[in-house]
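Structure record follows, encoded as structure tokens.
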Amino acid sequence: MTATTYSIVHAGASTRIATGLAALVLGVFFVFGIGFAHSAAVHDTAHDVRHSYGFPCH
């Protein structure tokens, strides 16, 4: 039997702030990117992604 040891690393405040800002920017990009995209382009992209994962959608 082997023992596994895990170590937890706590991120500093600057790392947490940078990660939060990156998530915020990415989220805003997704919301406005989808919001201003042509609806057929968004549908076709979602449709292709479903098929690439092997999920039937018809």
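Counting in the numbering used here, the sequence shown runs from 18 upward without gaps. Heads up, the beta-carbon is just placed ideally off N, CA and C, and yes, glycines get one too.
Find out if the Cβ-Cβ distance for the pair Asp59, Ile51 is shorter than 8 Å. Sequence index remark: in the sequence shown, residue 59 carries index 42 (1-based). Sequence index remark: in the sequence shown, residue 51 carries index 34 (1-based). Residue identity check: residue 59 is Val in the sequence provided, not Asp. A contact, by the Cβ cut-off of 8 Å.
Roughly how many angstroms lie between the CA atoms of Ser31 and Ala39, to the nearest whole one? Within the sequence shown, the letter at position 14 stands for residue 31. Within the sequence shown, the letter at position 22 stands for residue 39. If you take the alpha carbons of Ser31 and Ala39, they lie about 12 Å apart.
Which residues in the same chain as Pro73 place their Cβ atom closer than 6 Å to its Cβ, once the five residues preceding and following it in sequence are excluded? Your numbering for residue 73 matches position 56 in the sequence shown. Nothing listed; no residue qualifies.
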